[in-house]
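Remarks on the structure that follows.
2 protein chains.
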Amino acid sequence: MAAVPVWSVDPRTGKRREQVAVEATAAEVDREVGAAHAVRDALADRAVRAAFLRGAADLLEEARGDLVAVADAETALGQARLTGELARSCYQLRSFADIVDEGSFLGIVIDHPDPSATPPIPDLRRYKVPLGVIAVYAASNFPFAFSVPGGDTASALAAGCPVVVKAHPDHPATSEQVAAVLRRAAGQQGISADVIGLVHGFDAGVELVRHPLVSGAGFTGSIRGGRALFDAAAARPVPIPFHGELGSLNPVVITESAAAERAEEIGSGLAGSMTLGVGQFCVKPGLVLAPSGAGGDRLVKSLTDAVSATESGVLLDHRMRDTFVEGAAERAGLPDVDAPVTPGAGDAHTVSAGFLTVPAARLTSSGEHDLLLEECFGPLTVVARYDSDAEVASVLSRLPGNLTATVHLSAAEEAGEGRGAELLAELTPLAGRVLVNAWPTGVAVASAQHHGGPYPATTSTSTSVGGTAIERWLRPVAYQNTPEPLLPPELRDANPLSLPRRVTGLG
Amino acid sequence: MAAVPVWSVDPRTGKRREQVAVEATAAEVDREVGAAHAVRDALADRAVRAAFLRGAADLLEEARGDLVAVADAETALGQARLTGELARSCYQLRSFADIVDEGSFLGIVIDHPDPSATPPIPDLRRYKVPLGVIAVYAASNFPFAFSVPGGDTASALAAGCPVVVKAHPDHPATSEQVAAVLRRAAGQQGISADVIGLVHGFDAGVELVRHPLVSGAGFTGSIRGGRALFDAAAARPVPIPFHGELGSLNPVVITESAAAERAEEIGSGLAGSMTLGVGQFCVKPGLVLAPSGAGGDRLVKSLTDAVSATESGVLLDHRMRDTFVEGAAERAGLPDVDAPVTPGAGDAHTVSAGFLTVPAARLTSSGEHDLLLEECFGPLTVVARYDSDAEVASVLSRLPGNLTATVHLSAAEEAGEGRGAELLAELTPLAGRVLVNAWPTGVAVASAQHHGGPYPATTSTSTSVGGTAIERWLRPVAYQNTPEPLLPPELRDANPLSLPRRVTGLG
């Protein structure tokens, strides 16, 4: 069988730039996973692991010029955005190095014997160990931050797990170059380069999640692709955890008094958030509940002005562009749907941003307008005009799970008047992150961050951004009645590694 | 369609005791789940929730005489064991009440804004909220501790989730009585009794895991039943977490020097552990790697004496008894397998304990002897005699995941001589709890406990016993830029509930 070439493509022209690699066959996937599994103990030393993560950040920064150039050539995301995204990725690698050093993620608990418990408690000492080889599925829209050097890779390496990345076809050249940098960083610490594997190809991705030596998977992408891989992970003879981020509508509710008070500010803020990165964010606000009446009208006017002034942009690939143009037209063609600024095709290679309006009453029961409750990847949002709080509640109750849910309140509502608290209570069951008077785009790398939410936002209750993302790649082990000399150093009485631990009983 | 009766059966005679209920139809499951979902906020107040758990323990203790009597009549587990099991369950309920009061399980993290981060960190405050209605599948072998008032129920209620239990057909009358006690305990705190649902019937169990308003499931039982429910949970339009404990062989390795030093003690200890509760423990040691040669011979002799002296016992039901008799005969009939004490049928209603021996070389490559690497529920263990460390490693490498793995060492090995550390390193990938010079039966309710392990031991990386079991029923939510008056009290600056929190930044 002839090898299937993997091309790097310029989305600004649709033309092939160069052949980067070939798609991995099943045998090649097996080789890559086998190599990673063979060195699964290479990251056992936490100090070395942290140095590796910091070294990777340093080397990525050194290679910034080249990496940003190739990523821009493949994704058209622009130098500024990509430079920022790479900086974010380096910050994230260093944050995980700090987490590795600090050690709380090991979840160490030591129970000294307690004969008074029912049943009596023996000497029990628990910590967490790495799961094994982790498959990482890179996202289209973040060639750095959610791809080869992104949060899944950084958190898995931080947990002590080797990684095999399935590159995204929208940036194969970037993926190869970044993987080479990461392998070089491993080498600098005396770690085998096999802790970083890379494969290309759709079939290779399916082989990867099915491979018996793969112990977990992280994914960022579409509902369709993610669900297929989730299903494959669950159907294995030995199922594995599949932490997928699949899709999100990211609803926004604007109260009547917020619109009355700040219609213009909200309208222009919304325009900025929904068109950022040509609308290619998983946290793009895709459904906005705005009041009917004067305040809402002003908001729509402000949104119209701002979106009209937005230049057309290049999506990550032409298939995505076609899907957007088609999806926008289908939505705009629904009864009672207006397009104050029509979203759709720009020139042959671009799309132009736009938004639709619809009476919220059209969304309170199932029907053809349910299409408006599905994510449309690209610079498009839907403004649903509501007449009553009951209508808002009714639309919210029909939404699938989301990464984020946002509410815009007036100053009085912020201070506790009106139904701000009630709205927050309605939004909390819908999402993993709830925002007030802010926009969901921009996901900080922070301890309290949660980038996840009810399905289909994510397939598990975990997060793919922030410190707790490391928890996904660990499992607890408890040692019972184990003599001091045989215990892992993390669990010995003297605490030779000075780790944070919870200790119960007298000792 | 006629209602299907649910009978309470006496396993000592195989005779029906009484009709307890009827199997729940799909409509009845829907009603039970709907009622639980309607009161999903009933457990929101942590103080009330803790009082409910403590009150439930008190009421269960008050009803001890009746509950133990009915459980014994249905399960034949005996008054002493059942009294201890109920005490354990009450201890567990109170332990979770303490965990609820203490509040660390909420995982509160507060990040004050940090403009120096990349990207800048806004005000972010995270804690965990209950998932919603949890389906609990009761186990056959623990009518209290892993059934209606068991760890899954206690941890889910502690997390703030209503529960619908699918009763085990081996103890439907006990299940009904216990559920009534729990509902009474809810009522005493002014909580709706609907936070505790109960259904009977195999089909009802399948309906339950598929119900759109069920948000998670806990299961203890067989690989076959558990995997079918796991698959159903994963195949839902909205998949849910399924925390199942499915099966475990619980390997034991006895070093040559341990056998030389303590053959008789190890042999009698093993006999006690494998016959405890008529071998009906998920942590029963089912495969023992013992050295060939004189020390191992002494161990087998000691095991023979102790197991021969064990009285025959009643299994939980007659189907289980037939499966055991058949499974024991099939295993004993394999080439090169001997039965120093033949396991199998006792009288018409009992089984007699026994054990098999086999050269470990028979288990180092796949073949008909793989049957010996499958759990056989009941009083039977397999002693594999090994000639070399390589043989031990080879057999261990072929084992599926386990709840426990045990090693017996000599005093010198305990002190760090020989290959004790190496053996622990070989056992750690196999199990969630590793024991030295102890027996796996007896699972303490403790902070450092981990009752889980690689598949099929459990279907997730979580535990069903110990404090961290509560984590299974929660999901994080982060609030961004949310004004103080609108924040949940848990996340307000003043910390009005005095909860343990991690705070970053200046504030």
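Residue numbers (my numbering), protein chains in the order written: chain A, 58 to 564; chain B, 58 to 564.
Glycine is no exception: its CB is placed at the ideal position from the N, C-alpha and C atoms.
Hey, quick one: how far does the beta strand (DSSP E) through residue i stretch, first residue to last?
i, result
"A/E264", "Not the beta strand (DSSP E): A/E264 falls in the alpha helix (DSSP H), residues 259 to 267."
"A/T463", "459 to 465"
Please tell me whether residue i has its Cβ less than 8 angstroms away from any Cβ of chain D.
i, result
"A/H507", "Any reference to chain D falls outside this structure, whose protein chains are A and B."
If I follow the unbroken alpha helix (DSSP H) through residue i, where does it start and stop?
i, result
"A/Q234", "229 to 245"
"B/G562", "Run containing B/G562: none; DSSP gives neither H nor E here."
"B/V452", "446 to 454"
"B/A202", "Taken as a continuous stretch (DSSP letters only), B/A202 belongs to no alpha helix (DSSP H), as it is neither H nor E."
"B/D209", "208 to 216"
Mark residue i as exposed unless 16 or more other C-beta atoms lie within 10 angstroms of its C-beta, in which case mark it buried.
i, result
"B/S173", "exposed"
"B/D393", "exposed"
"B/K223", "buried"
"A/Q76", "exposed"
"B/F381", "buried"
"B/T70", "exposed"
"B/F201", "buried"
"B/S422", "exposed"
"A/R419", "buried"
"B/F199", "buried"
"B/K72", "exposed"
"B/D129", "buried"
"A/S445", "exposed"
"B/D168", "buried"
"A/D550", "exposed"
"B/F203", "buried"
"A/A468", "exposed"
Do residue i and residue j have their CB atoms nearer than 8 angstroms?
i, j, result
"A/A137", "A/P68", "no"
"B/F299", "B/A290", "yes"
"A/A113", "A/A242", "yes"
"B/G283", "B/L303", "yes"
"A/V345", "A/A441", "yes"
"A/W496", "A/A216", "no"
"B/E116", "B/L124", "The question names Glu, but residue 116 of chain B is Leu in the sequence shown. Not a contact, by the Cβ cut-off of 8 angstroms."
"B/E528", "B/F162", "yes"
"B/L453", "B/G489", "no"
"A/I311", "A/P342", "no"
"B/V221", "B/E89", "yes"
"A/S359", "A/E321", "yes"
Straight-line CA distance for residue i to residue j?
i, j, result
"B/P308", "B/L429", "11 angstroms"
"A/A211", "A/V96", "17 angstroms"
"B/V522", "B/A501", "8 angstroms"
"B/S365", "B/S325", "11 angstroms"
"B/P229", "B/V252", "19 angstroms"
"B/L214", "B/V238", "15 angstroms"
"A/G564", "A/D180", "At A/G564 the pLDDT is 47, less than 50, meaning the model places this residue with poor confidence; the figure from the coordinates comes in the next sentence. Roughly 9 angstroms between the two C-alpha positions."
"B/D379", "B/G411", "16 angstroms"
"B/G353", "A/V186", "33 angstroms"
"B/S555", "B/E159", "9 angstroms"
"A/L327", "A/A462", "14 angstroms"
"B/F153", "B/L143", "15 angstroms"
"A/L373", "A/V256", "20 angstroms"
"A/T525", "B/I165", "12 angstroms"
"B/G278", "A/Y512", "27 angstroms"
"B/G435", "A/A505", "48 angstroms"
"A/R111", "A/D171", "42 angstroms"
"A/G477", "B/P553", "20 angstroms"
"A/M331", "A/T438", "7 angstroms"
"A/Q149", "A/G207", "8 angstroms"
Tell me whether residue i counts as near the ligand GTP, meaning its Cβ is closer than 7 angstroms to at least one heavy atom of that ligand.
i, result
"B/A144", "The ligand GTP is absent from the structure shown, which contains no ligand whatsoever."
Unbroken stretches of the beta strand (DSSP E), 3 residues or longer, contained in the segment 469 to 552 of chain B: Fully enclosed beta strand (DSSP E) runs of 3 or longer: 488 to 493, 531 to 537.
At 3 residues or longer, and completely inside the segment 275 to 329 of chain B: list those beta strand (DSSP E) runs for me, N to C. The beta strand (DSSP E) runs lying completely inside the segment 275 to 329 of chain B and spanning 3 residues or more are 299 to 302, 308 to 311, given in chain order.
Whole runs of the alpha helix (DSSP H) within the segment 84 to 172 of chain A, excluding any shorter than 4 residues: Those alpha helix (DSSP H) runs which fall completely within the segment 84 to 172 of chain A and span 4+ residues are 103 to 119, 121 to 132, 136 to 159.
Which ranges would you report for the alpha helix (DSSP H) in the segment 364 to 439 of chain B if only whole runs of at least 4 residues count? Listed in chain order, they are 375 to 389.
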